[in-house]
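In full-length UniProt numbering, the protein residues as written are 1 to 448.
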């Protein structure tokens, strides 16, 4: 008899399979969870032959479908709107970058959190960027409420969700770019970020407050207020109400294509990168993603949409000899690799290479270069096992010439040619003037 992962036979019915599942994971019986398990188990058996990496994991009785919540299509109707809300990259280009980067190892990322049955991934992704910004700056931050390491820093997603109107729709989806701009444009509401201790994640309890447009006032004292990012000018003015400034940096190329090297440069600086993926409910990709165990690379899924789930990139390198991004999800620590995933790099798997943006910490020095400090971290990672592949941390990768380098080259050649032409014109003028002088000084001659 074929056995699935050593504890559930293929031929067993879902009721008996659920019993085995409870024993294996030391769980208690729950009727509604049993129904979810049976739904997932039927899909699992149907897709098993095509999805060799799909597994029966601890979350198999929790999610009948994916809970996503990122809605580019609703809040940003086109790529033109996307570009309007971001600043151009203000940081100088790095000449080289590490072969691999994992912000978890450096203490620049907090543990993965759980969005539960709410389409609030946009809020969790936004908070992940804000937490990364604080952790990067934490030695320079004077506010004791936030001067913490990755072990105990915990910003409140609930405070964010409850204080962002028009730029999100609470549990029905939202957008990190609009949210960060909304924070900047509404300083009377957004005096500071807040802690989960002050505002725990209780989305059902606080849903009516959001509907009633009730603003949550901060509980930290005014001397502890913190907005942890720099602000930049938008590239040009547009016909919409805003401050014409933004904290969000666009990491795409000018033509809107994905710039892998620029994303790697930001991660090498210790700065997390906002991203997103697209997963169609009921698809093979959704089955594998829901059941992802974290010990293999998510790949071979083409981009079939734009984006419907917000994530945050926190590293890059090789995992099991394959180029990957490391991404933070919002489905808790028992999903994937302690809440994180390894997803193929350079293939646009699940549309992960569709959007890229970041924020810059308030005290960041733009000439700081590659981040090489290590702070306290809550993660127990071992390279070659649950971490990236070994023997990469000392290697560097020289960044190849990009479009900017080519433009500089063309500009330099053009200037040189212009100078050469100018010099040639000057020489011609000098020759003409000298010739005229010779004619002027020559004696007059007459024919007799």
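Every residue gets a Cβ at the ideal spot worked out from N, C-alpha and C, and that includes glycine.
Only a predicted model underlies this, so the values are computations on that prediction, with no experimental measurement involved.
Quick check on the DSSP output: the alpha helix (DSSP H) that includes residue i runs from which residue to which?
i, result
"residue 113", "Taken as a continuous stretch (DSSP letters only), residue 113 belongs to no alpha helix (DSSP H), as it is neither H nor E."
"residue 17", "14-25"
"residue 268", "260-268"
Kindly identify the DSSP beta-bridge partner or partners of residue i.
i, result
"residue 309", "277"
"residue 102", "315"
"residue 247", "In the DSSP output, where bridge partners are listed per residue, residue 247 has none listed."
"residue 172", "119"
"residue 155", "195"
"residue 229", "361"
"residue 331", "114"
"residue 337", "340"
"residue 162", "DSSP output for residue 162 lists no bridge partner at all."
"residue 189", "Partner(s): none; residue 189 has no beta bridge."
"residue 459", "Because residue 459 is not part of the residues shown, which for the chain are 1 to 448, the question remains open."
"residue 423", "According to DSSP, residue 423 bridges with nothing at all."
Suppose contacts are defined by Cβ-Cβ distances below 8 Å. Is residue i in contact with residue j by that definition?
i, j, result
"residue 147", "residue 138", "yes"
"residue 134", "residue 141", "yes"
"residue 329", "residue 311", "yes"
"residue 209", "residue 161", "no"
"residue 104", "residue 350", "no"
"residue 168", "residue 174", "yes"
"residue 291", "residue 347", "no"
"residue 207", "residue 170", "yes"
"residue 225", "residue 192", "yes"
"residue 229", "residue 359", "yes"
"residue 265", "residue 86", "no"
"residue 309", "residue 286", "no"
"residue 106", "residue 301", "no"
"residue 125", "residue 274", "yes"
"residue 337", "residue 282", "no"
Who are the near neighbours of residue i in its chain, counting only those whose CB is closer than 6 Å to its CB and skipping five residues on each side?
i, result
"residue 431", "none"
"residue 409", "Low per-residue confidence applies at residue 409: pLDDT is 48, beneath 50, and the placement is therefore not dependable enough to give any value."
"residue 194", "156, 159 and 218"
"residue 189", "163 and 215"
"residue 318", "389"
"residue 78", "The pLDDT assigned to residue 78 is 43, lower than 50, so where the model puts this residue is not dependable; a value taken from the coordinates is nonetheless given after this. Excluding positions up to five away in sequence, the list is empty."
"residue 88", "235"
Considering residue i, what are the terminal residues of the beta strand (DSSP E) in which it resides?
i, result
"residue 328", "322-328"
"residue 343", "340-344"
Closest by CA to residue i, which one among the options?
i, options, result
"residue 288", "341, 308 and 332", "341"
"residue 118", "24, 172 and 336", "172"
"residue 109", "93, 84, 149 and 85", "149"
"residue 369", "27, 423 and 270", "270"
"residue 98", "84, 268, 375 and 254", "268"
"residue 355", "251, 31, 390 and 262", "251"
"residue 334", "13, 114, 28 and 35", "114"
"residue 201", "222, 154 and 179", "154"
"residue 377", "362, 111 and 331", "111"
"residue 316", "92, 263, 122 and 14", "263"
"residue 223", "422, 352, 143 and 424", "143"
"residue 297", "303, 304, 281 and 322", "322"
Between residue i and the rest of its own chain, which residues show a CB-CB distance below 7 Å, the 5 nearest in sequence each way excluded?
i, result
"residue 184", "231, 243, 245, 246 and 247"
"residue 127", "155, 157 and 160"
Is the closest heavy atom of the ligand GDP to the C-beta of residue i under 7 Å?
i, result
"residue 427", "Questions concerning the ligand GDP fall outside what the structure shown contains, since it holds no ligand whatsoever."
Might you give, ordered along the chain, the residues of its own chain that have their beta carbon closer than 8 Å to the beta carbon of residue i, omitting 5 neighbours on each side?
i, result
"residue 22", "28 and 29"
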